[in-house]
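Protein chains in written order, with my numbering: chain R, 1 to 276; chain F, 1001 to 1276.
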């Protein structure tokens, strides 16, 4: 992925394939930063990723090499936040770009998405959309593509990861956009004209509900729906496992601080972290 | 229905059960208006309804009596337009009222719904909602109830019909309201707290697609979706029959005239009445 993106002129973190612990040290010297190691298969939601600094014990640095797949070393990017640019593209080449969102991560897992990314300068948002549209066109993507980006502290955009499917960072679009990422994915696959990706409200906030020590979920609906008639609860019906994305909640409106409070309250209540 | 509504103080057209053609003439004299005859079972979408005036031949006046069910005679109301007040009510008695809509009829069939009803005075809208909430409470309705009303030329509201289910006049809420009538119907049946019925846009316009001499539907999507990325097409997958409601289209936004043009264009194009 890194080779191909670099080949089509898309900015990525500096990177190279490493063979062993000595290779990691050499990469750190080359980059002049701490290093991120990634197994090149099987990673998601922070799995298959190691953060390496000068104090990391050698046996931890050796861990990724035990997976039996090539290991990628990347510079540890000094980023202000993570963004996601979601696009949809159909076989005949029509493409639409959703508003660029901020993706809030905790322990390598997306926990919250704010659409659009607050305070993102217009030219940087357009640049992120252009990167995603370029990737979709160059890789001949059909359907939804999410491009996850670092916004660096010095204002650059670097591609972190690609997801060639309807993506967690696009779930806000179910209620928040004229056409949801799922509808546009289907339109794209069917080669029907794509629907407008425009936002329907000034802000939409989505918070994931991650698995853990959850009690029964259904009774929490009664309290939350009574408390907040504008709250949308999505539950995937998956088995409960710690850290797994089991569902999400969405709210939309004008006042970002209030929306974030409402969404986080609901997610925390479903999880049982708060009881009122 | 008329007896029960009158009993709970809800205004209806003047009415009485008639036994024969002579009874119809007598009702016309009593009301001082033309008469509407309705069979008391089996009617929908204009079926089971006869408009009778002084020039109607006796054999037509006699028609409804051949259905073998009691026949209701009602005054022919001098109305400016038809409105619909949709509410949802749950077993524990919570209820929500959607914005009151205008329902445009052609040949006894609803062809268009405008949400909210343009130019409806606030106090009259509240009266319509109060009527619907009263009917729901008095009849112990669980789920969605649509109350179809005449807005008379002298500004009164009279109940025309009831529909105790998600109703055509509420389809606009799928995209147009915070909580669709279908979601609130399910919440009501499950006795979960109801969601906000508030409108999401200044206006939402829904136009039905009625069956007739239709060619293949699917190819029309390509033109319509390309022409209008904000258009929402709903197709029910029913067999095609003249006058049958086969699907509907919805648009929402600020400019009512433009919304009506877009929605009618799409419905007429799907029907094949226009070809561009």
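We treat Cβ as the ideally placed atom computed from N, Cα and C, and that holds for glycine.
**Asked** Is the CB of residue 1221 of chain F under 9 Å away from at least one CB in chain R?
**Response** For residue 1221 of chain F, the closest Cβ of chain R is nearer than 9 Å.
**Request:** Would you mind telling me which residues of chain F sit closer than 9 Å to residue 230 of chain R, beta carbon to beta carbon, in chain order?
**Result:** The contacting residues are 1178, 1179, 1195, 1196 and 1198.
**Message:** Bridge partners for residue 1052 of chain F per DSSP, in chain order?
**Reply:** DSSP, once it has assigned bridges, lists F:1035 as partnering residue 1052 of chain F.
**Request:** Buried or exposed for residue 190 of chain R, please, with buried defined as at least 16 other CB atoms from any protein chain shown within 10 angstroms of its CB.
**Result:** Its Cβ having fewer than 16 others within 10 Å, residue 190 of chain R is exposed.
**Within chain F, partners of residue 192 of chain R - CB distance below 8 Å** = Chain F residues near residue 192 of chain R: 1221, 1222 and 1225.
**Prompt:** Is the CB-CB distance between residue 1103 of chain F and residue 1169 of chain F below 9 Å?
**Reply:** Cβ atoms of residue 1103 of chain F and residue 1169 of chain F: closer than 9 Å.
**Asked** Is the segment 1200–1220 of chain F in contact with the segment 1005–1014 of chain F, if contact means three or more CB pairs nearer than 8 Å?
**Response** Touching, no.
**Prompt:** Apart from the five residues just before and just after residue 166 of chain R, which ones in its own chain have a Cβ nearer than 6 Å to its Cβ?
**Reply:** Closer than 6 Å at the Cβ level, and outside the excluded window around residue 166 of chain R, lie 144, 181, 182 and 185.
**Asked** Since residue 248 of chain R sits in a beta bridge, which residues does DSSP pair it with?
**Response** In DSSP, residue 248 of chain R forms a bridge with R:208 and R:234.
**Segment contact flag, the segment 138–153 of chain R with the segment 68–86 of chain R, C-beta cutoff 8 Å, min 3 pairs** = As far as the Cβ criterion goes, the segment 138–153 of chain R touches the segment 68–86 of chain R, which means the pair count is three or higher.
**Prompt:** Would you say residue 1010 of chain F faces chain R, with C-beta separation under 9 Å as the test?
**Reply:** Closer than 9 Å: no.
**Prompt:** Of all Cβ atoms in chain F, is any one closer than 9 Å to the Cβ of residue 96 of chain R?
**Reply:** At a cut-off of 9 Å between beta carbons, residue 96 of chain R contacts chain F.
**Asked** Under a Cβ-count criterion, where at least 16 other Cβ atoms within 10 Å of its own Cβ denotes burial, should residue 90 of chain R be classed as buried or exposed?
**Response** Buried, by the Cβ-count rule.
**Message:** DSSP three-state label for residue 93 of chain R, please.
**Reply:** Looking at residue 93 of chain R - three-state DSSP - the assignment turns out to be coil, as it is neither helix nor strand.
**Asked** Should residue 1251 of chain F and residue 1230 of chain F be called a contact, given that it needs their Cβ atoms to be closer than 9 Å?
**Response** Cβ distance < 9 Å, so residue 1251 of chain F and residue 1230 of chain F count as in contact.
**Asked** Would a check of beta-carbon distances place residue 187 of chain R closer than 9 Å to chain F?
**Response** It does; some Cβ of chain F falls within 9 Å.
**Message:** Can you check which of these residues, R:176, R:218 and R:216, is closest to residue 198 of chain R by C-alpha distance?
**Reply:** Sorting R:176, R:218 and R:216 by C-alpha distance to the C-alpha of residue 198 of chain R places R:176 at the top.
**Item:** Continuous beta strand (DSSP E) stretch holding residue 1144 of chain F: start and end
**Value:** Residues 1143–1152.
**Request:** Find the nearest neighbour of residue 1031 of chain F within the set F:1013, F:1020, F:1048 and F:1043, judged by alpha-carbon distance.
**Result:** The residue with the shortest Cα to Cα distance from residue 1031 of chain F is F:1013.
**Message:** Quick check on residue 1218 of chain F: buried or exposed, where buried means 16 or more other Cβ atoms within 10 Å of its Cβ?
**Reply:** So residue 1218 of chain F counts as exposed.
**Prompt:** Roughly how many angstroms lie between the CA atoms of residue 1262 of chain F and residue 47 of chain R, to the nearest whole one?
**Reply:** Rounded to the nearest angstrom, the two C-alpha atoms are 48 Å apart.
**Per-residue burial, residue 1044 of chain F [other beta carbons within 10 Å of its own, 16 or more giving buried]** = So residue 1044 of chain F ends up on the exposed side.
**Asked** Where does residue 23 of chain R fall in DSSP's three states?
**Response** Here residue 23 of chain R sits in helix by DSSP.
**Prompt:** Taking the Cβ atom as the reference point for each residue, do residue 1040 of chain F and residue 1083 of chain F lie within a distance shorter than 9 Å?
**Reply:** Not a contact, by the Cβ cut-off of 9 Å.
**Request:** Give every residue of the same chain whose Cβ lies closer than 7 Å to the Cβ of residue 240 of chain R, excluding the five residues on either side of it in the sequence, and list them in chain order.
**Result:** Closer than 7 Å at the Cβ level, and outside the excluded window around residue 240 of chain R, lie 211, 214 and 246.
**Message:** For a test of the three-state rule: what should DSSP assign to residue 156 of chain R, helix, strand or coil?
**Reply:** In the displayed model, residue 156 of chain R falls within coil according to three-state DSSP, outside both helix and strand.
**Request:** Kindly indicate the opening and closing residues of the alpha helix (DSSP H) around residue 171 of chain R.
**Result:** No alpha helix (DSSP H) holds residue 171 of chain R; DSSP gives it neither H nor E.
**Request:** Within its chain, find whatever has a CB closer than 7 Å to the CB of residue 1127 of chain F; leave out the 5 residues flanking it on each side and keep chain order.
**Result:** Taken in chain order, the residues that qualify are 1157.
**Straight-line Cα distance separating residue 243 of chain R from residue 66 of chain R** = Cα to Cα, residue 66 of chain R sits roughly 24 Å from residue 243 of chain R.
**Counterpart residues of residue 1103 of chain F in DSSP-defined beta bridges** = For residue 1103 of chain F, which the question treats as bridged, DSSP gives the partners F:1082 and F:1113.
**Request:** Verify whether the separation of the beta carbon atoms of residue 270 of chain R and residue 224 of chain R is less than 9 Å.
**Result:** Contact annotation: residue 270 of chain R and residue 224 of chain R have beta-carbon atoms nearer than 9 Å.
**Request:** Determine, using beta carbons only, whether residue 1194 of chain F and residue 1188 of chain F come nearer to each other than 9 Å.
**Result:** For residue 1194 of chain F and residue 1188 of chain F, yes; Cβs fall inside 9 Å.
**Asked** Grouping DSSP H, G and I as helix and E and B as strand, with all else coil, what is residue 201 of chain R?
**Response** Of the three classes helix, strand and coil, the one that applies to residue 201 of chain R here is coil, per DSSP.
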